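Numbering (my numbering), first residue to last: 54 to 297. The beta-carbon is built from N, C-alpha and C at its ideal position, and this holds for glycine as well. These numbers come from a predicted model, not from an experiment.
Written out as structure tokens, the structure is:
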């Protein structure tokens, strides 16, 4: 039989649990028939990968005249520079999100939740990120988005597949970039987010700052998130013991 990971089981069961909860709230199912009482959802933490500062510098220094590669690299770097913003949120940015040397946004993952303390993430714009916006900003006045990945009138499903296709193209081009600069690790779009958090932590940034940058609701989430990145740091400290 096909082996299914605990993560996959948890993903599907959480969706089912949500359906059951909605059914109970609407009186379609009796609360005493709730099937998840006393059941702990399976959960498996993925091994998160992050680049080192030296590896990220290789990407910053990389030059190419191939437009698809340039675009992919620019959006990867934009994510890295912009608090590790994920590509779904990048694609939903609008010119109105920009104010002076900052832009702000609500994470698509959490903006529709009922949390009362939901606050926008405020991101400083560096010279490099400003240049990336200028290079790839939407020029169609009828398109309300900052970048021309999405357009007005798309259904949520259409937007989802448009973003998935965009991410797929970036990941494909970044694989080529990685091979050319000698990075053996995968450097898909989510690695930019992990690298942003990890490099800040390695440079001594407080977890509270990283929490705010990533848009996490609690410091515990951030600490768990960063916990997967500590092996290299531990090795560095171990080497310091004999670094005369």
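Roughly how far, in whole angstroms, is the beta-carbon of residue i from the beta-carbon of residue j, given that I think they are within contact range, below 8 Å?
i	j	result
residue 173	residue 155	That pair is no contact at about 10 Å.
residue 146	residue 158	6 Å
residue 181	residue 130	7 Å
In or out: residue i buried (at least 16 other Cβ within 10 Å) or exposed?
i	result
residue 94	exposed
residue 202	buried
residue 217	exposed
residue 61	exposed
residue 136	buried
residue 357	Residue 357 lies beyond the range of the chain shown here (54 to 297); nothing can be said about it.
residue 92	exposed
Could you name the residues of the same chain whose beta carbon sits closer than 8 Å to that of residue i, not counting the 5 residues immediately before and after it, in chain order?
i	result
residue 126	112, 115, 117, 226, 227, 230
residue 179	134
residue 260	254, 272, 275, 276, 279
Over the uninterrupted beta strand (DSSP E) stretch that includes residue i, give me the two end residues.
i	result
residue 95	Element bounds for residue 95: n/a, residue is neither H nor E.
residue 177	174-177
For a test of the three-state rule: what should DSSP assign to residue i, helix, strand or coil?
i	result
residue 202	coil
residue 259	coil
residue 162	coil
residue 197	coil
residue 247	helix
residue 132	helix
residue 89	coil
If I measure Cβ to Cβ from residue i and keep anything under 6 Å in the same chain, skipping five residues before and after, which residues do I get?
i	result
residue 269	275
residue 132	138, 245
residue 65	none
residue 264	272, 275
residue 236	108
Locate the alpha helix (DSSP H) running through residue i, then write down its first and last residues.
i	result
residue 57	Run containing residue 57: none; DSSP gives neither H nor E here.
residue 233	209-234
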